[in-house]
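To keep things clear, I will list the structure first and then write my remarks on it.
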Amino acid sequence: MAVLPQVKKDMQFYQGLYSLLKVLKGIAVSQYQILEKKIKSFDKFSYVVESFLEGIDVKEVKHPFVKAVNENKAVVAITSDSGLLGGLNMQVASLAFDELESKDDILIIVGERGKLYAQEHGLSYKGFPGITEERRLDLALTLRDYLLERVINEEVGRIVVIYPKALSLMLQKIEKYTPLPYGELAEDKGHLINLEEFIQESSLDNIVEYLVYLWVGKTLYEILGFARLAELAARFIHLEESSQKLEDLQKGLKLKYHKLRHELTDKSMRELFAARVIYSK
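Numbering (my numbering), first residue to last: 2 to 282.
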């Protein structure tokens, strides 16, 4: 009857593991909620910069940040270092690879998973490390400087970013965003700023260049945050699925344990009854 103690030992082990997964799920939810609030904290900055840019007649600006100098693209794939995103990482990479239409297009990959996919496809790329909350700002600014330098040098005219985005804790999707050329994003609000009313120490091109420079940095910082959110959401889903599997396994072990106990009890009763019959003779 060594089987019964082993089943009980397995039940205790899986119960402990289930409790650990429950704690990890709570941590993942907490991290998700904290980061979600941080991402929304730049709404006021975005409003101020975008409102000013919307008040400028971009048709009057001749700058590569505003008007594409060519159709070459810098395609940025935001992936994770973790395998938990699984299918999402592969979708991001596949969509980014499909965007490469010219030999002059540049592939930029953030995260180790995307680099592995690119290597498997024999593609050359510029690599950046994966996202951590501690280095997210540094990564966004470094990535921004690299991309804008490519635009200034007229190596590319467009920037396309492919990344995973968490719509909720349980739902993610792949997003495609084109931050540059900015002129294609600008909306005609019908109310333009009369720059003649202002004393300009810099040219309009330089003003727009600096504002777009700030805006792209902020946008990339947010996108990296969205991708990190998707990773945390995927981690929660993975933990939830593992918890469900453990729960099902525990149910099976409990049934097996009770069945073995009943069998042991029945056997003991039969042996006891047989012994009484023998001794009664």
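A virtual CB, placed ideally from N, CA and C, is assigned to each residue, including glycine.
Computed from a prediction, not measured in an experiment: that's the story for all the values here.
Practice problem: Could you work out which residue in Lys177, Lys45, Phe237 and Leu117 is closest to Leu96 when comparing CA atoms only? | Solution: The shortest Cα separation from Leu96 among Lys177, Lys45, Phe237 and Leu117 belongs to Lys177.
Quiz item: Below 8 Å, can you find three or more Cβ-Cβ pairs linking the stretch 154-174 to the stretch 242-254?
Solution: Verdict: no, contact absent.
Quiz item: Helix, strand or coil: how does DSSP classify Glu178 here?
Solution: This sequence places Tyr at residue 178; Glu is not what is there. Tyr178: strand per DSSP, three-state reduction.
Quiz item: Leu193: buried (16+ other C-beta within 10 angstroms of its C-beta) or exposed?
Solution: Bear in mind that a pLDDT of 47 at Leu193, under 50, signals an unreliable position, so the number given afterwards is only what the model happens to contain. Label assigned to Leu193: exposed.
Exercise. Locate the beta strand (DSSP E) running through Ser169, then write down its first and last residues.
Key: For Ser169, the enclosing beta strand (DSSP E) covers residues Arg159 to Ser169.
Exercise. Check whether the Cβ atoms of Val217 and Ile163 sit closer than 8 Å, and answer yes or no.
Key: Ile163 sits away from Val217, with the two beta carbons spaced by 8 Å or more.
Practice problem: Please confirm if the stretch 28-42 is in contact with the stretch 122-129, defined as three or more CB-CB distances below 8 Å between the two stretches. | Solution: Three or more beta-carbon pairs separated by less than 8 Å are not found between the stretch 28-42 and the stretch 122-129, which leaves the two stretches without contact.
Quiz item: Gln34: buried (16+ other C-beta within 10 angstroms of its C-beta) or exposed?
Solution: Answer is exposed; the Cβ neighbour count stays below 16.
Quiz item: How about Val111 and Thr143: are their beta carbons less than 8 Å apart?
Solution: 8 Å or more divides the Cβ of Val111 from the Cβ of Thr143.
Quiz prompt | Range of the contiguous alpha helix (DSSP H) that encloses Leu108 | solution = Run containing Leu108: none in the alpha helix (DSSP H); it sits in the beta strand (DSSP E), Ile107 to Val111.
Exercise. Kindly indicate which three-state DSSP category Phe129 falls into: helix, strand or coil?
Key: Phe129: strand per DSSP, three-state reduction.
Exercise. Could you please give the first and the last residue of the uninterrupted alpha helix (DSSP H) stretch that includes Val93?
Key: Note, Val93: alpha helix (DSSP H), Gly88 to Glu100.
Quiz item: Under the rule that 16 or more other beta-carbon atoms within 10 Å means buried, what is Gln173, buried or exposed?
Solution: The residue in question, Gln173, is buried, as its Cβ has 16 or more Cβ neighbours within 10 Å.
Self-check item: CA-to-CA distance, Ile175 to Gln92, given in whole angstroms
Solution: Spanning the two alpha carbons is a distance of roughly 7 Å.
Exercise. Taking Ser83 as the reference, give the member of Tyr19, Ala119, Glu113 and Leu215 with the closest Cα.
Key: Selection Tyr19, Ala119, Glu113 and Leu215 evaluated against Ser83 yields Glu113 as nearest (Cα-Cα).
Exercise. Have a look at Ile207 and Ile132 and give me their C-alpha separation to the nearest angstrom.
Key: Contrary to the premise, residue 207 reads as Asn rather than Ile in this sequence. A direct Cα-Cα distance of roughly 31 Å separates Asn207 from Ile132.
Quiz item: Is it the case that the Cβ atoms of Leu213 and Phe53 are separated by a distance below 8 Å?
Solution: The residue you asked about is not Leu; residue 213 is Val in the sequence shown. No, the Cβ-Cβ distance between Val213 and Phe53 is not below 8 Å.
Self-check item: Check whether Leu225 and Leu168 have beta carbons under 8 Å apart
Solution: Annotated as distal: Leu225 and Leu168, with beta-carbon spacing of 8 Å or more.
Quiz prompt | Continuous beta strand (DSSP E) stretch holding Ala75: start and end | solution = Its beta strand (DSSP E) spans residues Lys74 to Ile79.
Practice problem: Buried or exposed for Asn90, please, with buried defined as at least 16 other CB atoms from any protein chain shown within 10 angstroms of its CB. | Solution: A residue is called buried once 16 or more other Cβ atoms fall within 10 Å of its Cβ, and Asn90 is buried on that count.
Quiz item: If you compare alpha carbons, which of Asp99, Arg229, Val152 and Arg136 is closest to Pro180?
Solution: Closest by alpha carbon: Val152.
Quiz item: How many angstroms separate the CA atom of Asn73 from the CA atom of Glu185?
Solution: Answer to the nearest angstrom: the Cα atoms are 16 Å apart.
Practice problem: Apply the 10 Å Cβ neighbour rule to Phe237 and answer buried if 16 or more other Cβ atoms are within range, or exposed otherwise. | Solution: Taking all protein chains shown into account, Phe237 has 16 or more neighbouring C-beta atoms within 10 Å of its C-beta and is therefore buried.
Quiz item: Which class does Leu124 belong to by DSSP, given the choice of helix, strand or coil?
Solution: Leu124 sits in coil when the DSSP states are folded into three classes, being neither helix nor strand.
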